[in-house]
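Peer 1: I have a structure I would like to understand better, so I am pasting it below and will then ask my questions one at a time.
Protein chains: 2
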Amino acid sequence: MKGNLLIVHGGAPTAVINSSLYGAVTEAKKHPDQVDKVYGAIGGSGGMLREQFCELSAVPEEELRLLLQTPASAIGTSRDPLEAEDYANMARICKKHDIKYVLFNGGNGSMDACGKLYKACVAEGVDVRVVGIPKTIDNDIAVTDHAPGFGSAARYIAAITSEVSQDVRSLPIHVSVIEAMGRNAGWIAAASALARSGNGDGPDMIYLPERPFIEEEFLERVLELHRKKGGVVIVTSEGLCNPDGSSIVPPIFKVGRSVYYGDVSAHLANLVIQKLGIKARSEKPGICNRSSIAFQSSVDREEAVIAGAEACRAALNGENGVMVGFRRVPGPVYKSETFLIPVEQVMLHERKMPDEFISADGRDVTPAFVDWCRPLIGEELRRFVTFKPQL
Amino acid sequence: MKGNLLIVHGGAPTAVINSSLYGAVTEAKKHPDQVDKVYGAIGGSGGMLREQFCELSAVPEEELRLLLQTPASAIGTSRDPLEAEDYANMARICKKHDIKYVLFNGGNGSMDACGKLYKACVAEGVDVRVVGIPKTIDNDIAVTDHAPGFGSAARYIAAITSEVSQDVRSLPIHVSVIEAMGRNAGWIAAASALARSGNGDGPDMIYLPERPFIEEEFLERVLELHRKKGGVVIVTSEGLCNPDGSSIVPPIFKVGRSVYYGDVSAHLANLVIQKLGIKARSEKPGICNRSSIAFQSSVDREEAVIAGAEACRAALNGENGVMVGFRRVPGPVYKSETFLIPVEQVMLHERKMPDEFISADGRDVTPAFVDWCRPLIGEELRRFVTFKPQL
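So the sequences go chain by chain: A and B.
full-length UniProt numbering numbers the first residue of the first sequence as 1 and each following residue consecutively.
full-length UniProt numbering numbers the first residue of the second sequence as 1 and each following residue consecutively.
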């Protein structure tokens, strides 16, 4: 089967989604017998519906390689909700442009779209193979051990927590609350524990959405830490909830699937100020958490390239309605391998931190989590030096 | 004159204050005829008063070199307000520990302390030479062209604005407001303009504390940009004021010289949401702005080492009550040289952005600022790639 191959990006970008794009385009160009042109949909599924394409197979290798160090999505992405007729239209667009292979790069929502397009193509009698490339910073995609995007977001939080801790310990006059991305799953916030690997300095507490937030308990712990250490560093996920499941900060804006809340970190810092009278501040890097190339994990980037290439190979091999997943090869040194997962197994299932990765008091992670997470962030963090009084 | 040399850090840390420490220690060790031991005061001027010292001249070179990549202050720092008797005590402590040279590394407040210690030593009849090493992320120290710490903070903002812009343009569904450090002077926020140097993508507007904030005008501009581009990126300094000089956000906590305000970026994002009904979010990296080693500017680091070494040499040469400053050597390629400034010329004078560096509409910088700032951020920012619709 010969035809064009289309790559579509969905949802929020990551530091390595373009690396998967690089892997997919590079692989596709190796198969001129099956792939005519490689297209990118400009602006996600919306761009596909508007038939806005660019020809990636015509891009010089030198420029293509810049994808490995370009954050966000070089072909754009979207979060447009799709209707049943949109999928039928996509199937017809594939036919019109002789697109025989579609690679959907995205998270849970995009895998849902992937599955629906696959079914729409069958229903429309259009011969198209649809394969998913996993992408998430939140690490909330089911079945796969982890997915491209998470390792870099994890490295980002570990590195900045290490730096902010160094700052707070050198000028121990306040409580600093760092906000990590991840509204429903605490994987990124949890990765801040890796800040401790360098020189022992790291977060004093880690608040995860998998555990209910109890204000009195939080304030007691902060007070105790402040008395003991002066400067205190807390990392929190952006989506903490009360024991009844409601957000600890009220929503300020709602549009479709997106809900905007006030900042959890600012809320916690204000609690410390107002209820304990202790200086506190918040650091909310926000989008930097997913778009920083300086903190891109080398392991994450390599796996992203592999995921793109594997998805391309799978489609060319006749696979359909599957997503590329990663699993670990048992052994003392980290090694991963890919496998294919039927998209219906991942569609809209949200994966949270398992109990064995969360400490008994619910305010930290376990050594098992640290062991699991460490290889994903790539090279070791920079080593710092601190001097103590001697005389 | 032979004796010990003491280095004291004051105020908030930067990404290169430890580089100045490295420069000072390394230089001091070259003069065994004048310098016996090199001490670091652990915990700033408070640490000096508590006589908490560590012997930096005994630290192995390998460990000392880690200072060049260690953020914050490796010997701690403080913001304790000092009384007249504290300076007299410091003079006596110098005598007691045979300290003949004191290098104060800090900003405007520390240069004030530097001048007062110099006078107290004269009054107490203690033969001590006191020299200042400039340090600021805000670039608000008078007389010097710029000072160590600013170049790295500037590089940080330029790089993350470039990355966030890439993210927002690839998923143009909201207005993003990035908050830069710098409460009274807009130098850091202004440096975000350098994000445009890579591939044309950068901030759409830059809000500086040197210009009054007018809400209606802000909302009009955002609405117009949103209509035109979808995604909008705004960089703001953390200290915007109304035309009457009051902060646009109310203070939430005051202690001594420190006042804590709500976040300006969150306030602006909420204005966009509530008054325009447009999705908006804020990114406030906070302390990351001054503590990121990944975004350390190589030029800034080198100048920081030079500032430390020069301060040491000045003290050994008999200078007293002076601070090391930087000025540019005229010519087509950036080159700086140091000179000595009497501390009374810099003490507590706050330097703001001059009019010629601010655009006529007050919401951006001029090409003259970009030319002035560019060499200070070190190597060029990473180049990104973006594809547009072709078919």
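Positions of the beta carbon are idealized from the N, C-alpha and C atoms, including for glycine.
1. Entirely within the segment 179 to 209 of chain B and at least 3 residues each: give me those beta strand (DSSP E) ranges in chain order.
2. Counting beta carbon pairs with one atom in the segment 317 to 327 of chain B and one in the segment 157 to 169 of chain B, are three or more of them shorter than 8 angstroms?
3. Strictly below 8 angstroms CB to CB, what residues from chain A border B:ARG183?
4. Comparing the C-beta of A:VAL222 with each C-beta of chain B, is any distance below 9 angstroms?
5. How about B:THR26: is its C-beta nearer than 9 angstroms to some C-beta of chain A?
6. What does the alpha-carbon distance come out to for the pair B:PHE387 and A:CYS54?
7. Between B:ARG227 and chain A, is there a C-beta pair that is closer than 9 angstroms?
8. Say whether chain A places a C-beta atom closer than 9 angstroms to the C-beta of B:GLY286.
9. At a Cβ cut of 9 angstroms, what residues of the segment 250 to 284 of chain A count as close to chain B, listed as they run along the chain?
10. Tell me whether the beta-carbon of B:PRO285 lies closer than 9 angstroms to the beta-carbon of B:ILE173.
11. Determine the burial state of B:ILE214: buried for a count of at least 16 other Cβ atoms within 10 Å of its Cβ, exposed for fewer.
12. Provide the residue span of the beta strand (DSSP E) that contains A:CYS241, from first to last.
13. Determine, for A:THR70, whether the minimum Cβ-Cβ distance to residues of chain B falls below 9 angstroms.
14. If you measure from the beta carbon of A:SER169 to each beta carbon in chain B, is any gap under 9 angstroms?
15. List the residues of chain A whose Cβ lies closer than 8 angstroms to the Cβ of B:ARG79, in chain order.
16. Just checking: is the beta-carbon of B:SER45 within a distance shorter than 9 angstroms of some beta-carbon in chain A?
17. Is DSSP giving B:VAL343 helix, strand or coil here?
18. Would you mind telling me which residues of chain B sit closer than 8 angstroms to A:SER57, beta carbon to beta carbon, in chain order?
19. Interface residues of chain B around A:THR386 at Cβ under 7 angstroms?
20. Quick check on the DSSP output: the alpha helix (DSSP H) that includes A:TYR156 runs from which residue to which?
21. Can you pull the chain B neighbours of A:VAL164, defined as C-beta to C-beta under 7 angstroms?
22. Should the segment 271 to 279 of chain B be called in touch with the segment 172 to 187 of chain B, which here means at least 3 C-beta pairs below 8 angstroms?
23. Quick one: Cα of B:ASN89 to Cα of A:LYS228, how far?
24. Applying a beta-carbon distance threshold of less than 7 angstroms, which residues of chain A neighbour B:CYS241?
25. Which whole runs of the alpha helix (DSSP H) in the segment 244 to 281 of chain A are 4 residues long or more, in chain order?
26. Mind pulling the chain A residues with CB within less than 7 angstroms of B:PRO13?
27. Identify the continuous alpha helix (DSSP H) that holds B:GLY362 and give its terminal residues.
28. Give the range of the alpha helix (DSSP H) segment to which A:ASN89 is assigned.
29. Since I believe A:SER237 is in contact with A:ALA189 (beta carbons under 8 angstroms), could you give me their beta-carbon distance rounded to a whole number of angstroms?
30. With C-beta atoms as the reference, is A:ILE93 less than 9 angstroms away from A:GLU51?
31. Using a Cβ cut-off of 9 angstroms, pull out every chain B residue sitting near A:PHE104, in sequence order please.
32. Taking C-alpha atoms, which residue in B:ARG327, B:CYS288, B:GLU83 and B:GLU344 lies nearest to B:PRO148?
33. Please go through the same chain and pick out, in chain order, the residues whose beta-carbon is closer than 7 angstroms to the beta-carbon of A:GLU379, but skip the five residues on each side of it.
34. Classify B:PRO134: buried if its beta carbon has 16 or more other beta carbons within 10 angstroms, exposed otherwise.
35. Do A:VAL385 and B:LEU103 count as a contact pair if the criterion is CB distance below 9 angstroms?
36. Is it the case that the Cβ atoms of residue 392 of chain A and A:ASP80 are separated by a distance below 9 angstroms?
Peer 2: The answer reads as follows:
1. 205 to 207
2. no
3. Here residue 183 of chain B is taken as the residue at index 183 of the second sequence, counted from 1. Per Cβ cutoff of 8 angstroms: no residues; B:ARG183 is ~13 angstroms from chain A at best.
4. Along the first sequence, one-based indexing puts residue 222 of chain A at 222. Not an interface residue.
5. Indexing the second sequence from 1 puts residue 26 of chain B at position 26. Output row for B:THR26: interface = no.
6. The sequence position of residue 387 of chain B within the second sequence is 387, counting from 1. The sequence position of residue 54 of chain A within the first sequence is 54, counting from 1. Approximately 7 angstroms between the Cα atoms of the pair.
7. Numbered from its first residue, the second sequence carries residue 227 of chain B at position 227. No, B:ARG227 lies away from the interface with chain A (no Cβ there is under 9 angstroms from its Cβ).
8. Position 286 of the second sequence holds residue 286 of chain B. Taking Cβ atoms only, chain A reaches closer than 9 angstroms to B:GLY286, which makes this a yes.
9. ILE252, PHE253, VAL255, SER258, TYR260, GLY262, ASP263, SER265, ALA266, ALA269, ASN270, ILE273, GLN274, GLY277, LYS279, ALA280, ARG281, SER282, GLU283 and LYS284
10. Position 285 of the second sequence, counting from 1, holds the residue named residue 285 of chain B. Position 173 of the second sequence, counting from 1, holds the residue named residue 173 of chain B. Going by C-beta atoms, B:PRO285 is not nearer than 9 angstroms to B:ILE173.
11. The count along the second sequence starts at 1 and reaches residue 214 of chain B at position 214. Classification for B:ILE214: exposed.
12. One-based indexing of the first sequence puts residue 241 of chain A at position 241. No beta strand (DSSP E) contains A:CYS241, which DSSP labels as neither H nor E.
13. Looking up residue 70 of chain A in the first sequence gives position 70. Closer than 9 angstroms to some Cβ of chain B, the Cβ of A:THR70 qualifies, so yes.
14. Locating residue 169 of chain A in the first sequence gives position 169, where the first residue counts as 1. In the sequence as displayed, the identity of residue 169 of chain A is Arg instead of Ser. Chain B contact via Cβ: present.
15. Locating residue 79 of chain B in the second sequence gives position 79, where the first residue counts as 1. Under the 8 angstroms cutoff, chain A gives LEU171 and ILE173.
16. In the second sequence, counting from the first residue as 1, residue 45 of chain B sits at position 45. By this cut-off, B:SER45 is not an interface position.
17. On the second sequence, position 343 is the one that residue 343 of chain B refers to. Helix, per DSSP.
18. Here residue 57 of chain A refers to the residue found at position 57 of the first sequence. Those do not exist, as A:SER57 stays about 12 angstroms from chain B at its closest Cβ, beyond 8 angstroms.
19. Locating residue 386 of chain A in the first sequence gives position 386, where the first residue counts as 1. Result: ALA74.
20. Counting from one through the first sequence, the residue named residue 156 of chain A turns up at place 156. Note, A:TYR156: alpha helix (DSSP H), 150 to 170.
21. Along the first sequence, one-based indexing puts residue 164 of chain A at 164. Simply ILE287, CYS288 and SER291.
22. yes
23. Indexing the second sequence from 1 puts residue 89 of chain B at position 89. Indexing the first sequence from 1 puts residue 228 of chain A at position 228. For B:ASN89 and A:LYS228, the distance between alpha carbons rounds to 28 angstroms.
24. Locating residue 241 of chain B in the second sequence gives position 241, counting from the first residue. Going along chain A, no residue has its Cβ under 7 angstroms from B:CYS241, so there is no contact; the nearest lies around 20 angstroms.
25. 264 to 276
26. Locating residue 13 of chain B in the second sequence gives position 13, counting from the first residue. Chain A residues near B:PRO13: ASP167, SER170 and LEU171.
27. Here the question's residue 362 of chain B lines up with position 362 in the second sequence. Neither: B:GLY362 is in no alpha helix (DSSP H) and is coded neither H nor E.
28. Here residue 89 of chain A is taken as the residue at index 89 of the first sequence, counted from 1. A:ASN89 -> alpha helix (DSSP H) spans 84 to 96.
29. Numbered from 1 along the first sequence, position 189 holds the residue referred to as residue 189 of chain A. Numbered from 1 along the first sequence, position 237 holds the residue referred to as residue 237 of chain A. Correct: roughly 4 angstroms between the Cβ atoms.
30. As a position in the first sequence, residue 93 of chain A is number 93, starting the count at 1. As a position in the first sequence, residue 51 of chain A is number 51, starting the count at 1. Yes, the pair counts as a contact, with Cβ atoms nearer than the cut-off.
31. The count along the first sequence starts at 1 and reaches residue 104 of chain A at position 104. In chain order: nothing, as chain B lies at least about 16 angstroms away.
32. The residue labelled residue 148 of chain B in the question sits at position 148 within the second sequence. For B:PRO148, the nearest C-alpha among the options comes from B:ARG327.
33. Indexing the first sequence from 1 puts residue 379 of chain A at position 379. Closer than 7 angstroms at the Cβ level, and outside the excluded window around A:GLU379, lie SER298.
34. Sequence index remark: in the second sequence, residue 134 of chain B carries index 134 (1-based). Counting Cβ neighbours within 10 Å, B:PRO134 comes out buried, since at least 16 surround it.
35. As a first step, residue 103 of chain B must be located in the second sequence, where it is residue number 103. As a first step, residue 385 of chain A must be located in the first sequence, where it is residue number 385. Going by C-beta atoms, B:LEU103 is not nearer than 9 angstroms to A:VAL385.
36. No answer is possible for residue 392 of chain A: the residues shown for chain A start at 1 and end at 391.
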